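Below is one structure; the comments refer to it alone.
2 protein chains.
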Amino acid sequence: MIEPTVRADFVAAPIEFSTAKKMTKSPTRRTDKALRVRRVAIDTYRENVAYLHRDCLVYRTEGFQALSKIEIAAGKRHILAVLNVVDDSAIVAPDELGLSEQAFAHLGVDEKTQVRVDHPERPKSLDAVRRKIAGQQLDQADFGAIIGDITRNHYSKPEIAAFIVAASQNELGRDEILYLTRAMVDSGERLDWQEPIVADKHCIGGIPGNRTSMLVVPIVAAHGMLIPKTSSRAITSPAGTADTMEVLATVELPIDKLRRIVRKQRGCLAWGGTARLSPADDILIAVERPLGIDSKGQLIASILSKKVAAGSTHLLIDIPVGPSAKVRHMREAQQLRKLFEYVGDQLGLHLEVVITDGRQPVGKGIGPVLEARDVMRVLQNDPEAPDDLRQKALRLAGRVLEFDPDVRGGRGFAIARDILDSGRALEKMHAIIAAQGKQGTESKPGRLVLEVASPVAGVVTGIDNLQMARIARYAGAPAAKGAGVDLFKKLGDGVKKGEPLYRIHAEFAADFRFAESLCKQDNGYQIGRMADIPPVFVQF
Amino acid sequence: MIEPTVRADFVAAPIEFSTAKKMTKSPTRRTDKALRVRRVAIDTYRENVAYLHRDCLVYRTEGFQALSKIEIAAGKRHILAVLNVVDDSAIVAPDELGLSEQAFAHLGVDEKTQVRVDHPERPKSLDAVRRKIAGQQLDQADFGAIIGDITRNHYSKPEIAAFIVAASQNELGRDEILYLTRAMVDSGERLDWQEPIVADKHCIGGIPGNRTSMLVVPIVAAHGMLIPKTSSRAITSPAGTADTMEVLATVELPIDKLRRIVRKQRGCLAWGGTARLSPADDILIAVERPLGIDSKGQLIASILSKKVAAGSTHLLIDIPVGPSAKVRHMREAQQLRKLFEYVGDQLGLHLEVVITDGRQPVGKGIGPVLEARDVMRVLQNDPEAPDDLRQKALRLAGRVLEFDPDVRGGRGFAIARDILDSGRALEKMHAIIAAQGKQGTESKPGRLVLEVASPVAGVVTGIDNLQMARIARYAGAPAAKGAGVDLFKKLGDGVKKGEPLYRIHAEFAADFRFAESLCKQDNGYQIGRMADIPPVFVQF
């Protein structure tokens, strides 16, 4: 019925290939049709999106599917993008290739440039991801290839998610964490401060109000040790150090200006997004956070890759432990500490870990303006200053100061206290603020307020870090700088029935109602007897 | 420096909440501003995409991020969509909400309808996914919740990928596979043929040219047993049964017409995408295939959920084993068989598994037209018909016929052979083709051909299924129906040096060059001595 029709003029001569020769690289499928680039004013965040008209010849002949990845080449420049198919010539015409803002910037050619569109090669490093899913150990070359492909945007988001889950389900071994960290450092730029000691401190997070960096930096810099602190903005918390510092000073600084400030002031408190430090980390986090997956390996690689790339030589890591902290048990904290130490040592970092009390928020304020207020009160030696924030900052600063070979072991705390009590830390903070650029307008706590009272008399036996952070976020923090929560009572404090536990601040009515309704479900506090307070055994 | 400014008129009365009351449901954040729906002619395949102008008030005040998920509500209808931010009012104006074609259809309201946009609640079933990542067993309720959320499009693609990887890394237990299968059946419609025996057969895939269904269906239907076969199109292979049948007849049939055909002819060979059978499977596959992740649990759930939803009562599963098949070792095939049997029994299916020879492609042709040719030659009892395809189809058909209580065990093969040899199977095939709608134009093998010759003399000791499939795909199959590979030599055949092993057919010059270049790297054949042929121990 159906027989092959062979026309003599199309039969090529038989060819002979060695059967031993194995495939090394798939040939790339090239189409002969070129398309003109058009910029489509759609912001697709970190994902490259390309738009082809349904009547586009290339779309019809190449067998592309909507949402499949395509490779776009203009001369030697090429990117991968996710394909959306368009039925409206006003967005993209049949002979055009539309590019979202990100894809347009990423390809880096002018509009109307002729480009070719192809089936992309599947990133080879996906084989390593599949081996990880199958339970195998990966080596340095595997992690280098995976992180390299992720940095070059060769992975789709589901592929990134597959890597994240694969690397968290069967926890990475300590050498795998090292390989991942190294690969992430190599994915971007690396600062070199050309000093023997470049100090930094970092908390693994999860404790609201824990703004010790804004105290440690002025203390350590006032001592003369270099501490060029770059921080992130909040992603899932009600305030990051960058958000809080921004209440007082400009934090988005060009890298050259940052270098001049650090050279002169010995420290800074800036946003870390200006330099391209461990860019793979940003890409991984953008997929990881919405998935709500936390793994030790990725936590360590994320923190250490950023620090090594930022040029740190000496690093203090703060691991808070508590029933609603990221780390809930001392055993877990010790495991994490050993992993940090192992990877830090292999990377040539001088790294120390302190395990701290993470049973409740630190200080009184939660949210950028309220936290900045607490920090300034400590620096001003104000009697209203929260003592737990002051004590924690002094201990951390003391440990950082002991990185200085001239500081005798055990003397750091006293030196830090002298610097704070004498007003030299406040003076240094003012100098750093002035150098970075003082904020013109003074921010105030949100004017919509709600005081939350205790339903019973007793002693505060628990404050849920997660719930307090959530209430502050619902109230508008960190986007609304004045939004957040101001705590009146901390663990062990006695309360009368009806006495306020904390005050919620919001700037907008919708946020206010939103926080109020969350608070009605769970106000985050536990009231009981003194004996009910969970004990904490920290080494600090 | 910064003090809270509290205006008395905004201070709400202190409220008292029970601390015992725990949060059960996050309040949904409602914005007061409504937006008008606009249909944006962009095809985003299975993903809902929404477009907001950067100057849109809702976008500015709600703190949405590009690529984050938003919830869109119109009265009681609501969908989740991925947000893209637009800077061009021609695409979407600041007071409009743009919806991609999928999202527009999915929301199901008219243009200009007023809608509200909110932060979505995080699907609760993600907690179960996280428990799976942590290594826990999930129960029926967990799988029901996960598959329900996936079917309602409440998962982003990275979230789906997280579930797929989590469920494949620590293999699902057999009860988990059962729960997953049940949840997938429940995600869609279910056909009921109202007959005691509704037979089907299914191969787990991976063997090019394995078109036995197109022989089993006419043989079994000619016997009078009901076999309403619905098949998929090729996703990663050079031809699916639907693609091959489409060379001969219409395969996309409305469900009512399909029912009439099956009632009259006792069988059909149609595309399975018309009814909404196990829609969760389609969503999972769309994410799973590009990731290249294969897990036993998902394979079984995917196949059995489709079959149960399609109303099958009796099912024959074909597991080919061979060095380049999906299943490479007999031990693995036996494990898979036990899992199929366990889940099938629990679902009330009469299920049998056969393990077959998967060392090489079945038949001669690979690609829709060439495979259809082989099938028709077998039906026509043509001396040119590939005997391996004939034998395999007769054995499978024989086993299916033995589902009939009136057929004595062991007699099925002889009955099948009688039906084939007598021409009754061909007659039934013509009747099915006529009922579904005969294709008007006869397709021919692609006219661009290349014969690939053996570089040495010897015996064919290996044919790589994966490489032959790849060459056929590069040549244009299945989109170009006439494209593919026609095999002249099979395992054990002697070849002279320079003698052709197979012929590549292409329809387009670009495909032709593409296949040629792949073939130059690895022609897929191994030539050696008779003793080098890998043995096979199959139970069939």
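Same order as they appear, the protein sequences are chains A and B. Counting in the working numbering, the first sequence runs from 1 upward without gaps. Counting in the working numbering, the second sequence runs from 541 upward without gaps. We treat Cβ as the ideally placed atom computed from N, Cα and C, and that holds for glycine. Since the structure is predicted, the reported quantities are computational estimates derived from the model, not experimental observations.
Neighbourhood of alanine 509 of chain A by C-beta, 8 Å cutoff - its chain only, sequence neighbours within 5 removed: Leu448
In three-state DSSP terms, what is alanine 624 of chain B? Reading off the sequence, residue 624 of chain B comes out as asparagine, not alanine. Residue state, collapsed to three classes: strand.
Given 8 Å, three or more beta-carbon pairs between the stretch 30-50 of chain A and the stretch 624-631 of chain B: yes
So, is the C-beta of tyrosine 502 of chain A closer than 8 Å to a C-beta in chain B? no
What is the DSSP secondary structure of lysine 741 of chain B, reduced to helix, strand or coil? strand
Which chain B residues are close to lysine 157 of chain A, counting only those with a beta carbon under 9 Å from its beta carbon? What lysine 157 of chain A touches in chain B: Leu607, Ser696, Lys697, Pro698 and Ala701.
Identify each residue in the stretch 829-852 of chain B for which the Cβ-Cβ distance to at least one residue of chain A is less than 8 Å, and report them in chain order. Going along the stretch 829-852 of chain B in chain order, one finds Pro830, Leu831, Gly832 and Ile833 with a Cβ nearer than 8 Å to chain A.
Judging by CA-CA distance, which residue of B:Gly832, B:Ile857, B:Cys596 and B:Arg662 is the nearest neighbour of valine 129 of chain A? B:Gly832
Would glycine 887 of chain B and valine 848 of chain B be called neighbours here (beta carbons separated by less than 8 Å)? Sequence inspection shows leucine at residue 887 of chain B; the glycine mentioned does not correspond to that position. Closer than 8 Å, so yes.
Using Cβ-Cβ distances below 9 Å, what residues of the stretch 660-693 of chain B are close to chain A? Arg662, Leu666, Asp667, Val669, Arg670, Lys672, Ile673, Ala674 and Gly675
What residues in the stretch 161-192 of chain A have a beta carbon less than 8 Å from any beta carbon of chain B? Ala161, Ala162, Ile164, Val165, Ala166, Ser168, Gln169 and Asn170
Closer than 8 Å, CB to CB, is aspartate 282 of chain A near chain B or not? Interface criterion not met: the Cβ of aspartate 282 of chain A is under 8 Å from no Cβ in chain B.
Under the DSSP definition of a beta bridge, which residues are partnered with histidine 154 of chain A? For histidine 154 of chain A, which the question treats as bridged, DSSP gives no partner whatsoever.
Is it buried or exposed, arginine 395 of chain A, if we count other Cβ atoms within 10 angstroms and call 16 or more buried? buried
Please return the same chain residues whose Cβ sits closer than 6 Å to the Cβ of glycine 938 of chain B, not counting the five positions on each side in sequence. Gly952, Phe953 and Ala956
Starting from aspartate 1026 of chain B, trace the beta strand (DSSP E) both ways and give me its first and last residue. 1024-1027 is the extent of the beta strand (DSSP E) around aspartate 1026 of chain B.
Alpha helix (DSSP H) containing lysine 306 of chain A: first to last residue? 296-309
Taking arginine 595 of chain B as the reference, give the member of B:Glu636, B:Asp885, B:Ala613 and B:Glu587 with the closest Cα. According to the sequence provided, residue 595 of chain B is aspartate. The question's arginine does not apply to it. Among B:Glu636, B:Asp885, B:Ala613 and B:Glu587, the Cα nearest to that of aspartate 595 of chain B belongs to B:Glu636.
Return the residue from the list A:Ala34, A:Ile133 and A:Thr212 that minimises the CA-CA distance to methionine 376 of chain A. A:Thr212
Helix, strand or coil for valine 940 of chain B? Go by DSSP, reduced to three states. helix
Taking only beta-carbon atoms, is alanine 581 of chain B less than 8 Å away from chain E? Absent from the structure is chain E; the protein chains it does hold are A and B.
What in chain B is Cβ-close to aspartate 87 of chain A, meaning under 9 Å? Ala581, Ile582, Asp583 and Glu641
Using only alpha-carbon positions, find the residue among B:Lys978, B:Lys1030 and B:Val893 that is nearest to methionine 785 of chain B. B:Lys978
State the DSSP-derived secondary structure class of threonine 571 of chain B, mapped to helix, strand or coil. With a pLDDT of 45 at threonine 571 of chain B, under the threshold of 50, the predicted position of this residue should be treated as unreliable, though the coordinate-derived value follows. In this structure, threonine 571 of chain B counts as coil in the three-state DSSP scheme.
Across which residues does DSSP place glycine 267 of chain A in a beta bridge pair? A:Ile227
Got a sec: is the Cβ-Cβ distance from tyrosine 599 of chain B to anything in chain A below 8 Å? no
In the DSSP output, what is glycine 98 of chain A paired with across the bridge? A:Arg38 and A:Tyr51
Consider the Cβ of proline 1074 of chain B: report whether some Cβ of chain A lies at a distance smaller than 8 Å. no
Using beta-carbon positions only, say whether proline 863 of chain B and isoleucine 747 of chain B come within less than 8 Å of one another. no
For glutamine 838 of chain B, does the count of other Cβ atoms within 10 angstroms reach 16, so buried, or fall short, so exposed? By the neighbour-count rule (16 or more Cβ atoms within 10 Å), glutamine 838 of chain B is buried.
Strictly under 8 Å for the Cβ-Cβ distance: is alanine 630 of chain B near chain A by that measure? It does; some Cβ of chain A falls within 8 Å.
Which residues in chain B have a C-beta closer than 8 Å to the C-beta of tyrosine 51 of chain A? List them in chain order. Ile582
Give every residue of the same chain whose Cβ lies closer than 8 Å to the Cβ of threonine 564 of chain B, excluding the five residues on either side of it in the sequence, and list them in chain order. Because the pLDDT of threonine 564 of chain B is 35, which lies under 50, any placement of that residue in the model is unreliable, and the question is left without a value.
Is it the case that the stretch 515-525 of chain A contacts the stretch 457-467 of chain A, given that we only count it when at least three CB pairs across the two stretches are under 8 Å? yes
Three-state secondary structure assigned by DSSP to glutamine 114 of chain A: strand
Give me the Cα-Cα distance between leucine 856 of chain B and lysine 741 of chain B, rounded to the nearest whole angstrom. 5 Å
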